[in-house]
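If you count the sequence shown from 1, position 192 lands on 191 in numbering that gives the first Met the number 0, and the numbers rise without skipping.
Here's the structure, in structure tokens; my notes come after.
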Amino acid sequence: MRPNATAMRMVGAQVAAARVAKGLTQRELGKRVGLQEESIASIEQGRRPLMPDVAALMDAVLGLPGLLAVAADRLPQMDVIPPWAEPLMSLEKKALALSSYENQVIPGLLQTKAYAEAVFRSRIPMYTDDEIADQTAARIDRQSVLHREKPMLVSFVIWEPALRGPLGGPEVLREQLQHLVTCSRLPGVMIQVLPLDRTAHPALDGPFVLLETPNHEHIAYVESQRGSLVVSDLDEVSIIAQRYAMLRTQALNPDETRDLLNRLLGDP
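Next comes the structure, spelled out in structure tokens:
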């Protein structure tokens, strides 16, 4: 059990009681504070900590005089997001531009709920059902960066095998492919597929993310089996940026990518 599990359950129960008294469903409260319904459920059940910024919004929505903000401020933050992934989450929120290459799974920012669950169910050591629910909710919440009032410029290159791996089963994959078509039409979002018939591949070392900060710094984020690395050295970032540039030139353009997705879906 987590060290502060009892306190988290108590705060969660307070959120639930205030929500019910206000006549709101979990989905309705989530919409008003910018969270998914599953995230509200995780908070109310004490599986996910209530963050101070969300608590302040809840106080305003539920008509509470800062009670949840005080409670959240007294709770140490728990690691729903693995510590090695936290730098990327922080950088994503404020980035002016993001470029992502993925070769095994659909990028997290583009995953459906069912596909994300399938990804987390594949993990070894295995997650519990509660941990899968928490991780999935956190991943879906991250996707709000694609829906900013002022869109962020986002580019994705996905190697074709990731589109063909039926994680979760055929229906989960079909929903995921349909979601990619939808996401490809979002403002500022460009999705390209690197097809299997290319005879050269500039990024065989694995997936990575490139970000531009509000201060116009260029940073890379690279994951491995047991951790990750935030790269700020200009020479190293330049090498990764060169690889991404080559990936984009070899990949299908966004319109060709939508055509491929529609063919995989069986649409004319």
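Don't be surprised by glycine CBs; every beta carbon is placed ideally from N, CA and C.
Give the DSSP-derived three-state secondary structure of residue i in the structure shown.
i           : result
residue 105 : coil
residue 116 : helix
residue 80  : Confidence at residue 80 is low in this model, with a pLDDT of 47, below 50, so its placement is unreliable and no value can be given for it.
residue 9   : helix
residue 1   : Note on residue 1: pLDDT 47, under 50, position unreliable in the model; the coordinate value appears next. Correct three-state label for residue 1: coil.
residue 191 : strand
residue 68  : helix
residue 97  : strand
residue 42  : helix
residue 29  : helix
residue 149 : coil
residue 123 : coil
residue 18  : helix
residue 136 : helix
residue 35  : coil
residue 202 : coil
residue 162 : helix
residue 47  : coil
Could you tell me whether the Cβ atoms of residue i and residue j are closer together than 7 Å?
i           : j           : result
residue 140 : residue 56  : no
residue 25  : residue 6   : no
residue 72  : residue 65  : no
residue 171 : residue 117 : yes
residue 236 : residue 215 : no
residue 270 : residue 94  : The structure shown does not extend to residue 270, since the chain spans only 0 to 267, so no value can be given for it.
residue 202 : residue 100 : yes
residue 257 : residue 180 : yes
residue 90  : residue 153 : no
residue 113 : residue 164 : no
residue 31  : residue 60  : yes
Can you name the start and end residues of the alpha helix (DSSP H) that residue i belongs to?
i           : result
residue 243 : 233-249
residue 309 : The structure shown has nothing for residue 309, since the chain only spans 0 to 267.
residue 60  : 51-61
residue 110 : That residue, residue 110, is in no alpha helix (DSSP H); it is neither H nor E in DSSP.
residue 180 : 169-182
residue 264 : 253-264
Sort out for me which residues DSSP pairs residue i with in a bridge.
i           : result
residue 217 : 211
residue 131 : Residue 131 is not bridged to any residue.
residue 222 : 227
Do you know offhand how far residue i's Cα is from residue j's?
i           : j           : result
residue 148 : residue 239 : 29 Å
residue 252 : residue 221 : 24 Å
residue 17  : residue 27  : 13 Å
residue 92  : residue 261 : 31 Å
residue 182 : residue 175 : 10 Å
residue 52  : residue 44  : 19 Å
residue 83  : residue 231 : Because residue 83 carries a pLDDT of 43, less than 50, the predicted location of this residue cannot be relied on, and the following value inherits that uncertainty. Each residue's Cα considered, the two are about 16 Å apart.
residue 206 : residue 20  : 47 Å
residue 108 : residue 62  : 33 Å
residue 186 : residue 177 : 17 Å
residue 13  : residue 67  : 8 Å
residue 246 : residue 193 : 7 Å
residue 38  : residue 23  : 15 Å
residue 169 : residue 69  : 46 Å
residue 46  : residue 8   : 7 Å
residue 161 : residue 102 : 6 Å
residue 219 : residue 249 : 21 Å
residue 134 : residue 104 : 16 Å
residue 198 : residue 255 : 19 Å
residue 173 : residue 106 : 16 Å
Would you say the beta carbon of residue i is closer than 6 Å to some non-hydrogen atom of the ligand SAH?
i           : result
residue 121 : This structure lacks the ligand SAH, and indeed carries no ligand of any kind.
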